[in-house]
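Asker: Got a structure for you, written out below as structure tokens; questions coming shortly.
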Amino acid sequence: MSEPLIIAVASKGRPKEQVEAWLADCGLDLQLVGGSRGYIASLKGMPGVQVRLLSASDIADALDAGEVHLGITGEDLLRERGQDIDQRLLMLRALGFGRADLVVAVPKSWLDVDTMADLEEVAHEFLARTGRRMRVATKYVVQTRAYFARHGVSDYRITESGGATEGAPASGGAELIVDITTTGATLNANGLKVLADGLILKSQFQLAANLQIAWSDRQLDAAQRLLRIVEARSAALRTVTLDWPQGDAPSDVIDTLVAQGATRRSNGLLVGVDRIPAVAGALTAVGLGPVTVARPDFVFDLRCAPFEQLIARLKDDTGVKK
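This is how it looks when you write it as structure tokens:
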């Protein structure tokens, strides 16, 4: 029997709930194998696919190590695998949940430190005054070093955080931090502020593919089916169908609407949600109506851009990697 397409998803907590809800919205219900405590699952209607339930950080590790074909986890965790991660992984789709900002935050008492340039000056002065480099508490070592280097900040040292990073300055464990935040409330409660140019990454959950693992034709077929469903659901959330009673619409009006982004359908037009008032207005202005609006569940296009991107990245001089 051919090996399955292996997908890694979150095994617990809020990430698990969000991923399961997203899959269910796409009609791909997660079905556990071996009961509620199992760590292997399948997707409804997707034969040839095996789902492994791992922690968010383990998913990033498994993707980078080539242990799974696809994975869903935070971009912050993926980027921490190295600055060359885009050579090994392809981020196929941002999923719109699990949002968090990776930021540089300093104590509010540092009144004259508002930018990375200010931080560079303070770091230099701190070293001259104390003989020690400023300590930066973080779990995001790779991204911190890269970002600080881009801003010319070199007089610091990393203190890897194993717990509540935002509490490090108050406890004396570090002078500043690099950490993720969603609302900023925890940073504020710990007397910290984000530098004006201290946003390192706007992260969210990504559906990512490994480019180093061997992909069989069967696994690529399964990936294509999955990505077509995902893209069709995403397109449906962005679009609506407009139709009207039988009657010939002036061709110039329809041609203009199509030129502006609408797509012809046998019984009307498919348009972006933000275009509803304009398109409906143009139709009623020429006597067509009443115009009704309906949301499709899925919109399957002839092409699937993420799958085409995956194939293009997998190709080498001899064809698709097997």
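Take the sequence shown: its position 44, counted from the start at 1, is 43 in numbering that gives the first Met the number 0, and no numbers get skipped. Note that the Cβ used here is the ideal one computed from N, Cα and C, for glycine as well.
Which same chain residues end up closer than 8 Å to Q30 when comparing Cβ atoms and leaving out the 5 residues on each side of it in sequence?
Answerer: Cβ within range, chain order: A40, S41, L42, K43.
Asker: Can you tell me which of G97, A169, L198 puts its alpha carbon nearest to the alpha carbon of V8?
Answerer: Closest by alpha carbon: G97.
Asker: Tell me F204's beta-bridge partners as DSSP assigns them.
Answerer: The partner list for F204 (beta bridge, DSSP) reads G73.
Asker: Identify which residue in R87, T158, F299, I310 has its Cα closest to the Cα of A235.
Answerer: The candidate whose alpha carbon is nearest that of A235 is F299.
Asker: Three-state secondary structure (DSSP) at M133?
Answerer: Three-state DSSP puts M133 in a strand.
Asker: Which first and last residues belong to the alpha helix (DSSP H) in which Q142 is found?
Answerer: Note, Q142: alpha helix (DSSP H), 140–149.
Asker: Which residues in the same chain have their Cβ closer than 6 Å to the Cβ of Y38, if we skip the five residues on either side of it in sequence?
Answerer: Correct list, in chain order: L52.
Asker: Given R156, which residues of its chain have a CB within under 8 Å of its CB, disregarding the five upstream and five downstream residues?
Answerer: Closer than 8 Å at Cβ, skipping near neighbours: R132, M133, R134, V135.
Asker: CB-CB under 7 Å to P305, same chain, minus the five flanking residues each way: which ones, in chain order?
Answerer: If we look at P305 and ignore the five residues flanking it on each side, its Cβ neighbours are L91, R92, L226, E230.
Asker: In whole angstroms, what is the alpha-carbon distance linking R128 and D113?
Answerer: Distance between the alpha carbons of R128 and D113: 21 Å.
Asker: Looking at the structure shown, is I212 part of a helix, part of a strand, or coil, going by DSSP?
Answerer: It is coil, neither helix nor strand.
Asker: If I'm right that L76 touches A207 with Cβ under 8 Å, what's the distance once you round it to whole angstroms?
Answerer: Rounded, the Cβ-Cβ distance is 10 Å, inconsistent with contact.
Asker: Measure from the alpha carbon of I212 to the alpha carbon of each residue in G12, R87, G172, L22, then state which is nearest.
Answerer: Checked all of G12, R87, G172, L22; the closest Cα to I212 is R87.
Asker: Based on Cα-Cα distance, which residue from A277, R232, N209 lies nearest to V252?
Answerer: Nearest of A277, R232, N209 to V252, Cα basis: A277.
Asker: Please confirm whether C25 and R294 have their CB atoms less than 8 Å apart.
Answerer: No.
Asker: From the DSSP secondary-structure annotation, give me the bridge partner or partners of S41.
Answerer: Partner(s): Q30.
Asker: Residues in the same chain with beta-carbon distance under 6 Å from H150, minus the five sequence neighbours each way, listed in chain order, please.
Answerer: So the list reads M115, once near-sequence residues are dropped.
Asker: When you compare each of E79, P244, R237, L118 to V152 by their alpha carbons, which one comes out closest?
Answerer: The shortest C-alpha separation from V152 is found at L118.
Asker: Can you look up D57 in the DSSP assignment and give me helix, strand or coil?
Answerer: Looking at D57 - three-state DSSP - the assignment turns out to be helix.
Asker: Considering only C-alpha positions, which residue in the set L89, R80, E74, V67 is nearest to R312?
Answerer: Among L89, R80, E74, V67, the Cα nearest to that of R312 is on L89.
Asker: Any contact between the region 103–110 and the region 169–189? By contact I mean 3 or more CB pairs, one from each, below 8 Å.
Answerer: Yes, since at least three Cβ pairs between the region 103–110 and the region 169–189 fall closer than 8 Å, the two stretches touch.
Asker: Given T47, which residues of its chain have a CB within under 7 Å of its CB, disregarding the five upstream and five downstream residues?
Answerer: Note that residue 47 is Gly in the sequence shown here, rather than Thr. Excluding positions up to five away in sequence, the list reads P3, L4, R217, A221.
Asker: In angstroms with no decimal places, state the Cα-to-Cα distance between L22 and E120.
Answerer: Rounded to whole angstroms, L22 to E120 spans 48 Å at the Cα level.
Asker: What's the call for N266, buried or exposed, on a 16-neighbour Cβ count within 10 Å?
Answerer: So N266 counts as exposed.
Asker: When the Cα of E16 is compared with those of T137, H68, F204, which residue comes out closest?
Answerer: Selected option, being the one with the closest Cα: F204.
Asker: For a minimum of 3 consecutive residues, which ranges assigned as the beta strand (DSSP E) are wholly contained in the region 168–194?
Answerer: Complete beta strand (DSSP E) runs here, min 3: 175–180.
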